[in-house]
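First residue of the sequence shown? That's 2 in the working numbering, and the numbers climb one at a time after it. C-beta: ideal position from N, C-alpha, C; glycine also. Please read these numbers as outputs of a predicted model, since none were measured by experiment.
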Amino acid sequence: MKNKRFFLAVLWLGLILASLLVSSQSAFADDKPNKEIIVTPIASGLSVFLLGSTVGPDGALYVPDGNEGMIWRVDPATGAVSLFASGLPKAIWRGDQGGPGDVAFVGDTAYAMVTLVADDIGGSDVVGIYRIDGPTSYTIIADIGKWSTENPPDSPFFVPTGAQISMQTYKGGLLVVDGHHNRILRVSVKGKISELAAFPDIVPTGTDIQGKKIYLAQAGPIPHDPSMGKVLVLKPKSYKPTEVASGLRLLVDVEFGSGRSLYALSHGEWNGAFEGSTAFPNTGALARVDDDEFEILVDHLNQPTSLEFIGDTAYVTLLNGTILKIENLPK
2 MKNKRFFLAV LWLGLILASL LVSSQSAFAD DKPNKEIIVT PIASGLSVFL
52 LGSTVGPDGA LYVPDGNEGM IWRVDPATGA VSLFASGLPK AIWRGDQGGP
102 GDVAFVGDTA YAMVTLVADD IGGSDVVGIY RIDGPTSYTI IADIGKWSTE
152 NPPDSPFFVP TGAQISMQTY KGGLLVVDGH HNRILRVSVK GKISELAAFP
202 DIVPTGTDIQ GKKIYLAQAG PIPHDPSMGK VLVLKPKSYK PTEVASGLRL
252 LVDVEFGSGR SLYALSHGEW NGAFEGSTAF PNTGALARVD DDEFEILVDH
302 LNQPTSLEFI GDTAYVTLLN GTILKIENLP K
């Protein structure tokens, strides 16, 4: 009995000392403890089915509105919304998909990516890149729909003009990701179109650029199993994809923060209605790439579609017309 009591006393003392040691180490090693992540809606009431976004040369957010054929300017500090451009083709595919799906700036000039509006799905407009010349005027610089029809992909498809998902400024021109045709197109501001990279049925979505490398989000084919949700990196010259991380369901975007941290956006659990349909509400997530895995930072997001960073602050566009400001993210 005495030996047992002695053993327990020593064990208890050891645990106390270990606890004090850990607490002491933590106090000195973590002078700046992690702050609580803050999620704040800064704009709402925009049209449903918002997809892309970008940060303009003035530091504001620009968000295309496919249902109304518009592009909104959103002040990231106040959330004030103003109309930047209108008169673009509106969504017609399945009632609410298509029209301007993303926007990018080359210098001070804005370009809108317009998709799913051509005659192959019952429309009469051009699928392609529209240069914004004024609040109500534009010039079509590249007919991606025609080019795609004349240069079909190797992967299976049923819409000849494709379904372009995102657009990114790249080397003085534009990168356009076609999730339906499983490829990335390069488009010059003079309208030249070429295929930069092609993939099997992986459903590529959003991109970000760091140096000469292209980081690409992959949703994976239906049913969008989490194992197929990946971030890939494409290095110049070969542009062959290398896996960076996997395991997050239905990835739709990837972005670098102000440092070297890489973040990914999950749209959520696919609702299974039809190819290209949305996720169930409140199943999306924002994650950080940690080695070759994802660390979930914010979950229960309601069908997020696009991610941007201004400094250390993230801005997430939701399908329902809301924009979230997310602060204090770990780097």
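Confirm, please, whether the CB-CB distance from residue 243 to residue 234 is below 7 Å. Cβ distance < 7 Å, so residue 234 and residue 243 count as in contact.
Nearest to residue 208 by alpha carbon, out of 167, 194, 238 and 241? Checked all of 167, 194, 238 and 241; the closest Cα to residue 208 is 167.
DSSP bridge partner residues for residue 285 (one or two, in chain order): Under DSSP, the beta-bridge partners assigned to residue 285 are 302.
What does DSSP give as the partner residue(s) for residue 184 in the beta ladder? As a beta-bridge residue in DSSP terms, residue 184 pairs with 179 and 199.
Excluding the 5 residues preceding and the 5 following residue 137 in the sequence, name in chain order all residues of the same chain whose CB lies nearer than 8 Å to its CB. When the five nearest sequence neighbours on each side are left out, the beta carbons in the same chain lying within less than 8 Å of the beta carbon of residue 137 are those of 86, 87 and 88, in order along the chain.
Give a yes or no on whether the C-beta atoms belonging to residue 317 and residue 325 are separated by under 7 Å. Yes, the pair counts as a contact, with Cβ atoms nearer than the cut-off.
Starting from residue 73 and walking both ways along the beta strand (DSSP E), at which residues does that stretch end? Its beta strand (DSSP E) spans residues 71 to 75.
Looking only at DSSP bridge pairs, what is residue 257 linked to? Bridge partners of residue 257: 263.
Taking only runs of the beta strand (DSSP E) that begin and end inside the segment 83 to 168, which ones reach a length of at least 3 residues, in chain order? If we require 3 residues or more, the beta strand (DSSP E) runs fully inside the segment 83 to 168 come out as 100 to 107, 110 to 116, 129 to 135 and 138 to 144.
Can you check DSSP and say which residues form a bridge with residue 66? Looking at the DSSP assignment, residue 66 forms a beta bridge with 51 and 71.
Alpha carbon to alpha carbon, how far is residue 191 from residue 217? Near 25 Å, if we compare the C-alpha coordinates of residue 217 and residue 191.
Does the contact criterion of 3 or more C-beta pairs under 8 Å hold for the segment 73 to 80 versus the segment 109 to 127? Short answer: they don't touch.
Ordered along the chain, which non-local residues of its own chain (more than five positions away) have a Cβ less than 7 Å from that of residue 211? Result list for residue 211: 257, in chain order.
On the DSSP letters alone, give me the boundaries of the beta strand (DSSP E) that residue 209 sits inside. First-last of the beta strand (DSSP E) with residue 209: 205 to 211.
Which same chain residues, not among the five before or five after residue 239, have their C-beta less than 7 Å away from its C-beta? The answer is none, since no qualifying residue turns up.
Residues bridged to residue 231 [DSSP beta-bridge criterion]: Residue 231 is bridged to 219 and 247.
Going by beta-carbon coordinates alone, are residue 188 and residue 197 separated by less than 7 Å? Going by C-beta atoms, residue 188 is not nearer than 7 Å to residue 197.
Compute the beta-carbon to beta-carbon distance between residue 55 and residue 104, rounded to the nearest angstrom, for a pair I have assumed lies under 8 Å. That pair is a contact at about 5 Å.
Contact between the segment 51 to 68 and the segment 283 to 290 is defined here as three or more beta-carbon pairs at a separation below 8 Å; is this criterion met? Not touching, per the Cβ criterion.
Those residues which DSSP pairs with residue 326 across a bridge: In the DSSP output, where bridge partners are listed per residue, residue 326 has 41 and 316.
Only counting the same chain, and skipping five residues up and downstream in sequence, which positions put a Cβ closer than 7 Å to that of residue 32? Note that residue 32 scores 44 on pLDDT, short of 50, meaning its location in the model is unreliable; the coordinates nonetheless yield the value given after this. Cβ neighbours of residue 32 beyond the five flanking positions: none.
Output the distance between the C-alpha atoms of residue 150 and residue 281, rounded to the nearest integer angstrom. Roughly 33 Å between the two C-alpha positions.
Determine whether the beta carbon atoms of residue 332 and residue 260 lie at a separation below 7 Å. Yes. Within cutoff.
Going by alpha carbons, who is nearest to residue 249 out of 279, 214, 293 and 237? Taking only the C-alpha atoms, the option nearest residue 249 is 293.
Compute the distance between the beta-carbons of residue 160 and residue 121, then report whether it is under 7 Å. For residue 160 and residue 121, yes; Cβs fall inside 7 Å.
Local conformation of residue 56 per DSSP, three classes: In this structure, residue 56 counts as strand in the three-state DSSP scheme.
Looking at the strands, I want to know which residues DSSP matches up with residue 174. DSSP, once it has assigned bridges, lists 171 as partnering residue 174.
Simplified DSSP assignment, three categories, for residue 294: Strand, per DSSP.
Quick one: measure Cβ to Cβ for residue 1 and residue 68, integer angstroms, because I've assumed they're closer than 8 Å. Because the chain here runs from 2 to 332, residue 1 falls outside it and cannot be looked at.
Go through its chain and collect everything with a Cβ distance to residue 320's Cβ below 7 Å, but skip five positions before and after it. Around residue 320: 49, 50, 51, 279, 304 and 306.
Beta-carbon contacts of residue 171 that lie in its chain and below 8 Å, excluding the five residues immediately before and after: Cβ neighbours of residue 171 beyond the five flanking positions: 187, 210 and 215.
Quick one: what's got a C-beta closer than 6 Å to residue 309's C-beta in the same chain, skipping five residues either side? Shown here for residue 309: same chain residues with a beta carbon closer than 6 Å to its own, the five before and five after excluded, namely 54, 56 and 316 in chain order.
So if DSSP puts residue 242 in a beta bridge, which residue, or which two residues, is it bridged to? Looking at the DSSP assignment, residue 242 forms a beta bridge with 235.
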